[in-house]
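Notes to accompany the following structure.
Numbering (my numbering), first residue to last: 45 to 246.
This is how it looks when you write it as structure tokens:
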């Protein structure tokens, strides 16, 4: 849609051309940002799957390697539990994302004499599974943030590609046509005036 309020003047033509150049410079930067965010989102999706699979594999491996877990007389409930997770931040294309820096896992005290020696191996597997699950959750959070950021970037890209750039191009064409018509009309008027003076002089 052509902006009817755009002044049809040379100064406005210059302003519109400057705006168009600015939009065209900005568009590749937006597209690059969108590509970076998409790549990071795809990476986070892979990480979620890998961490979840690794956590499940750790628990499965513990069960396969330690068949004694089937012994109900040995209590393992609450043996290891997450107490805190320390997060940092990472900047990707101007978007702040959470990064897992450390986890604290509390291991319930157990006496070496009151529980079998293989409980140590179970604790190690449980701690590994807990950390992997936390990493998967952080990756899911990153995906949520990246999805929102990509939506915003896509909206801005569409604004430039489908509205601002085409509208500015139409405004420029309209001003050029008007200025061209005005110039031709001026030339014609000057010729007519000159001819009239010549006739009057004769």
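The C-beta atom is built at its ideal place from N, Cα and C for all residues, glycine as well.
The alpha-carbon of residue 77 is positioned some 15 angstroms away from that of residue 203. Here DSSP, grouped into helix, strand and coil, assigns residue 142 to strand. In this structure residue 147 does not touch residue 132 by the C-beta definition: roughly 13 angstroms separates them, more than the 8 angstroms allowed. Around the CB of residue 60, 16 or more other CB atoms lie within 10 Å, so the residue is classed as buried.
In the three-state DSSP reduction, residue 50 falls in the coil class, being neither helix nor strand. Ranked by Cα distance from residue 152, the first of 166, 130, 93 is 166. With respect to the C-alpha of residue 168, the residue from 186, 149, 183 having the closest C-alpha is 149. Here residue 102 is not near residue 190, since their CB atoms are 8 angstroms or more apart.
The beta carbons of residue 199 and residue 137 sit no closer together than 8 angstroms.
DSSP places residue 131 within a strand segment (E or B) once states are collapsed to three. Residue 170 is a Cβ neighbour of residue 124, given a cutoff of 8 angstroms. Counting the other Cβ atoms within 10 Å of the Cβ of residue 215 gives 16 or more, which makes it buried. Closest in C-alpha terms to residue 74, from the list 140, 195, 56, comes 195.
When the five nearest sequence neighbours on each side are left out, the beta carbons in the same chain lying within less than 8 angstroms of the beta carbon of residue 68 are those of 209, in order along the chain. The C-alpha of residue 63 is placed about 13 angstroms away from the C-alpha of residue 205.
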